[in-house]
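A.B. asks: Take any residue in the sequence shown, note its place counting from 1, add 497, and you have its number in the numbering used here. Note that beta-carbon positions come from the ideal geometry of N, C-alpha and C, so glycine has one too.
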Amino acid sequence: MDLDLPAISQLLARAAALESQDPLTRDRILLKRRIALLFYESSTRTRTSFELAAKSLGADTTLVSSLSSSIEKGETLKDTGLTLRALGAEAIIIRHNSSGAPWLLEQETRLPILNAGDGMHEHPTQALLDLRTILTHLDLSSKTVIPSEARAASAAEGSAVSSSTLSGVTVTIVGDILHSRVARSNMLLLPRLGARVILCGPTQLLPDSAANAGPGISVERDFEAALRQSQVVMMLRIQAERLAGLQIDLGQYKDAYQLTGQRLAAHAPKALVMHPGPIIRGLELTAGVADGPQSAILEQVRHGVAIRMAVVERALTAQPKEGRA
Ligand code: ASP
498 MDLDLPAISQ
508 LLARAAALES
518 QDPLTRDRIL
528 LKRRIALLFY
538 ESSTRTRTSF
548 ELAAKSLGAD
558 TTLVSSLSSS
568 IEKGETLKDT
578 GLTLRALGAE
588 AIIIRHNSSG
598 APWLLEQETR
608 LPILNAGDGM
618 HEHPTQALLD
628 LRTILTHLDL
638 SSKTVIPSEA
648 RAASAAEGSA
658 VSSSTLSGVT
668 VTIVGDILHS
678 RVARSNMLLL
688 PRLGARVILC
698 GPTQLLPDSA
708 ANAGPGISVE
718 RDFEAALRQS
728 QVVMMLRIQA
738 ERLAGLQIDL
748 GQYKDAYQLT
758 GQRLAAHAPK
768 ALVMHPGPII
778 RGLELTAGVA
788 DGPQSAILEQ
798 VRHGVAIRMA
808 VVERALTAQP
818 KEGRA
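See the structure below:
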């Protein structure tokens with residue numbers, strides 16, 4: 498993510514402002530501007546929320562997905578991008594299975610490109626919506642994250658962030674860190690705001706070298722020990738599509754890393770439970786935890802629309818070359 502803290506603060510403030518704006522005035526902001534969504538991988542939340550966000554600002558959107566387009570016939574990313582530009586697209590939102598695809602597309606088209614997830618590399622808007630979710634639960638005076646709906650009015654939401662906004666907050670990311678672009682984007686973002694990030698998972702999915710991933714990041718293999726230190730627990734799906742032959746014993750995995758109601762109650766009864774989705778009930782977490790009072794999973798989805806409105810607006814109103822989140 499190539500955004501500095503003032504730019505992130507601005508996006509958070511715009512997300513809050515756009516969310517509360519009258520839809521009938523909001524949809525003049527990008528009236529009739531053309532935005533293409535180019536998806537080479539499946540998506541439910543990211544694609545829909547980007548599309549709803551762009552439409553909420555009045556833009557016209559079109560979806561090209563690898564399974565119903567000339568991509569299936571062998572068209573390259575470059576030619577697809579140039580075609581979309583020739584059709585009048587002023588920005589492209591791309592999800593691709595290869596890391597770096599958004600940069601290539603930007604070089605070839607010179608359009609603002611928004612990264613909706615590139616391979617195992619990054620998912621910047623997911624990290625921004627995760628940050629917004631955490632901020633809405635952050636009690637600024639005590640620097641604690643409060644999962645309940647009865648929390649103090651979300652003072653931190655929409656306000657400027659600094660390198661100490663999340664100091665004292667520990668976020669544990671659990672599961673398939675190795676293949677997760679969500680983990681990577683959160684590891685890049687959260688420590689910059691002062692959060693401590695614990696990575697937790699088996700060696701196959703979390704190599705020892707991850708302990709050197711950056712300041713504020715450490716590895717803890719014992720899930721319950723990690724839970725005891727956490728104010729936020731971010732559960733991840735095992736990325737079956739990226740395992741490339743790696744065999745995981747799911748029984749052992751669940752024994753060690755599944756977030757159950759019992760584990761949560763015993764070790765992190767006040768933690769906020771997050772997950773980028775799609776959730777696999779009964780694998781990385783139980784249905785009771787997913788639907789339980791500590792879960793912020795659907796809130797994350799809701800924040801996705803607001804964050805993506807701000808990101809899309811920025812892409813189409815910023816100077817050229819500043820468009821990528
Ligand atoms: N939806 C997230 C992503 O696209 C997480 C996942 O697929 O597990 O990376």
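Using a Cβ-based criterion (distance less than 7 Å to any ligand heavy atom), does ARG678 qualify as near the ligand ASP?
C.D. replies: Residue mapping note: residue 678 aligns to position 181 of the sequence shown, counting from 1. Yes - the ligand ASP has a heavy atom lying nearer than 7 Å to the Cβ of ARG678.
A.B. asks: To the nearest angstrom, how far is it from the Cα of LEU769 to the Cα of LEU635?
C.D. replies: Here residue 769 is taken as the residue at index 272 of the sequence shown, counted from 1. Here residue 635 is taken as the residue at index 138 of the sequence shown, counted from 1. About 10 Å.
A.B. asks: From GLY578 to THR606, what distance separates their C-alpha atoms?
C.D. replies: Residue 578 sits at position 81 when you count from the first residue of the sequence shown. Residue 606 sits at position 109 when you count from the first residue of the sequence shown. Rounded to whole angstroms, GLY578 to THR606 spans 6 Å at the Cα level.
A.B. asks: Unbroken beta strand (DSSP E) runs of length 3 or more, entirely within the stretch 637 to 713: which are they?
C.D. replies: The qualifying runs are 667 to 671 and 693 to 697.
A.B. asks: Which value, in whole angstroms, describes the spacing of the CA atoms of GLY691 and THR662?
C.D. replies: Translated into the one-based positions of the sequence shown, residue 691 becomes position 194. Translated into the one-based positions of the sequence shown, residue 662 becomes position 165. Approximately 6 Å between the Cα atoms of the pair.
A.B. asks: Any heavy atom of the ligand ASP within a distance shorter than 7 Å of the CB on THR543?
C.D. replies: Here residue 543 refers to the residue found at position 46 of the sequence shown. The answer is yes for THR543.
A.B. asks: So, do the stretch 522 to 534 and the stretch 555 to 564 have three or more beta carbon pairs nearer to each other than 8 Å?
C.D. replies: Touching, yes, given that three or more Cβ pairs across the two stretches are closer than 8 Å.
A.B. asks: Which value, in whole angstroms, describes the spacing of the CA atoms of ARG778 and ILE631?
C.D. replies: Position 281 of the sequence shown, counted from the start, is the residue given in the question as residue 778. Position 134 of the sequence shown, counted from the start, is the residue given in the question as residue 631. Spanning the two alpha carbons is a distance of roughly 23 Å.
A.B. asks: Is ASP746 closer than 8 Å to LEU702 when the C-beta atoms are compared?
C.D. replies: Mapped onto the sequence shown, residue 702 falls at position 205. Mapped onto the sequence shown, residue 746 falls at position 249. Result no, Cβ atoms of LEU702 and ASP746 do not sit closer than 8 Å.
A.B. asks: Per the contact definition of three or more C-beta pairs closer than 8 Å, is the stretch 708 to 722 in contact with the stretch 731 to 743?
C.D. replies: Touching, no.
A.B. asks: So, for THR757: in the same chain, excluding its five sequence neighbours on each side, which residues have a beta-carbon less than 6 Å away from its beta-carbon?
C.D. replies: Within the sequence shown, the letter at position 260 stands for residue 757. Cβ neighbours of THR757 beyond the five flanking positions: THR783.
A.B. asks: Determine which residues share a DSSP beta bridge with GLU619 and list them.
C.D. replies: The count along the sequence shown starts at 1 and reaches residue 619 at position 122. Looking at the DSSP assignment, GLU619 forms a beta bridge with ASP615.
A.B. asks: Just curious, the alpha helix (DSSP H) that ASP499 is in, first and last residue?
C.D. replies: On the sequence shown, residue 499 is found 2 positions in, with the first residue counted as 1. Note, ASP499: premise wrong, no alpha helix (DSSP H); not H, not E.
A.B. asks: For a test of your reading of the model: does the CB of HIS620 fall under 7 Å from any non-hydrogen atom of the ligand ASP? Yes or no.
C.D. replies: Position 123 of the sequence shown, counted from the start, is the residue given in the question as residue 620. The answer is yes for HIS620.
A.B. asks: Please state the DSSP three-state secondary structure of ASP788.
C.D. replies: Residue numbering aside, residue 788 sits at position 291 when the sequence shown is read from its first letter. ASP788 falls in the coil class under three-state DSSP.
A.B. asks: Determine, using beta-carbon pairs with one atom in the stretch 503 to 510 and one in the stretch 538 to 548, whether at least three such pairs fall under 8 Å.
C.D. replies: Result no; under three Cβ-Cβ pairs closer than 8 Å.
A.B. asks: At the level of alpha carbons, what is the spacing between ASN612 and ARG681?
C.D. replies: Along the sequence shown, one-based indexing puts residue 612 at 115. Along the sequence shown, one-based indexing puts residue 681 at 184. Between ASN612 and ARG681, the C-alpha separation is close to 14 Å.
A.B. asks: Run through DSSP, which three-state label would ILE591 get?
C.D. replies: Numbered from 1 along the sequence shown, position 94 holds the residue referred to as residue 591. In the structure shown, ILE591 sits in a strand (DSSP, three-state: E or B).
A.B. asks: Express the C-alpha separation of ILE735 and LEU761 in angstroms, rounding to a whole number.
C.D. replies: Within the sequence shown, numbered from 1, the residue matching residue 761 stands at position 264. Within the sequence shown, numbered from 1, the residue matching residue 735 stands at position 238. Whole-angstrom Cα-Cα distance: 20 Å.
A.B. asks: Would the beta-carbon of GLY698 be found less than 7 Å away from any heavy atom of the ligand ASP?
C.D. replies: Reading the sequence shown from its first residue, position 201 is the one you call residue 698. For the ligand ASP, not one heavy atom lies less than 7 Å from the Cβ of GLY698.
A.B. asks: Could you pull the start and end residues of the alpha helix (DSSP H) that LEU724 belongs to?
C.D. replies: The residue labelled residue 724 in the question sits at position 227 within the sequence shown. Its alpha helix (DSSP H) spans residues 720 to 725.
A.B. asks: Taking VAL802 as the reference, which of LEU521, LEU502, SER546 and ALA513 has the closest Cα?
C.D. replies: In the sequence shown, counting from the first residue as 1, residue 802 sits at position 305. Taking only the C-alpha atoms, the option nearest VAL802 is SER546.
A.B. asks: Mapping DSSP to helix, strand and coil, what is ARG607?
C.D. replies: Position 110 of the sequence shown, counted from the start, is the residue given in the question as residue 607. ARG607: coil per DSSP, three-state reduction.
A.B. asks: What does DSSP give as the partner residue(s) for MET731 in the beta ladder?
C.D. replies: Taking the sequence shown and counting its residues from 1, the one referred to as residue 731 is at position 234. Partner(s): ILE670 and MET771.
A.B. asks: Determine the closest residue to GLN604 out of MET617, LEU628 and ASP576, with distance taken between C-alpha atoms.
C.D. replies: Your numbering for residue 604 matches position 107 in the sequence shown. It is ASP576 whose Cα lies nearest to the Cα of GLN604.
A.B. asks: How big is the Cα-Cα spacing for SER595 and SER638?
C.D. replies: Position 98 of the sequence shown, counted from the start, is the residue given in the question as residue 595. Position 141 of the sequence shown, counted from the start, is the residue given in the question as residue 638. Taking the straight line joining both Cα atoms gives about 42 Å.
A.B. asks: Find out if the Cβ-Cβ distance for the pair VAL694, ILE714 is shorter than 8 Å.
C.D. replies: Position 197 of the sequence shown holds residue 694. Position 217 of the sequence shown holds residue 714. For VAL694 and ILE714, yes; Cβs fall inside 8 Å.
A.B. asks: Rounded to whole angstroms, what's the CA-CA distance from ASN709 to GLN726? Just pull it up for me.
C.D. replies: To locate residue 709, count along the sequence shown from 1; it is residue 212. To locate residue 726, count along the sequence shown from 1; it is residue 229. Approximately 20 Å, taken between the alpha carbons.
A.B. asks: Does DSSP put SER506 in a helix, a strand or coil?
C.D. replies: Counting from 1 along the sequence shown, the entry for residue 506 is found at position 9. Three-state DSSP puts SER506 in a helix.
A.B. asks: Report the residue from ARG582, LEU685 and TRP600 whose alpha carbon sits nearest the alpha carbon of ASP627.
C.D. replies: The count along the sequence shown starts at 1 and reaches residue 627 at position 130. For the residues ARG582, LEU685 and TRP600, the minimum Cα distance to ASP627 belongs to LEU685.
A.B. asks: Within its chain, find whatever has a CB closer than 7 Å to the CB of ALA657; leave out the 5 residues flanking it on each side and keep chain order.
C.D. replies: Taking the first residue of the sequence shown as 1, we reach residue 657 at position 160. Answer for ALA657: SER506, listed in chain order.
A.B. asks: Could you pull the start and end residues of the beta strand (DSSP E) that SER562 belongs to?
C.D. replies: Numbered from 1 along the sequence shown, position 65 holds the residue referred to as residue 562. First-last of the beta strand (DSSP E) with SER562: 557 to 562.
A.B. asks: Taking the Cβ atom as the reference point for each residue, do LEU515 and ALA787 lie within a distance shorter than 8 Å?
C.D. replies: Here residue 515 corresponds to residue number 18 of the sequence shown, with the count starting at 1. Here residue 787 corresponds to residue number 290 of the sequence shown, with the count starting at 1. Result no, Cβ atoms of LEU515 and ALA787 do not sit closer than 8 Å.
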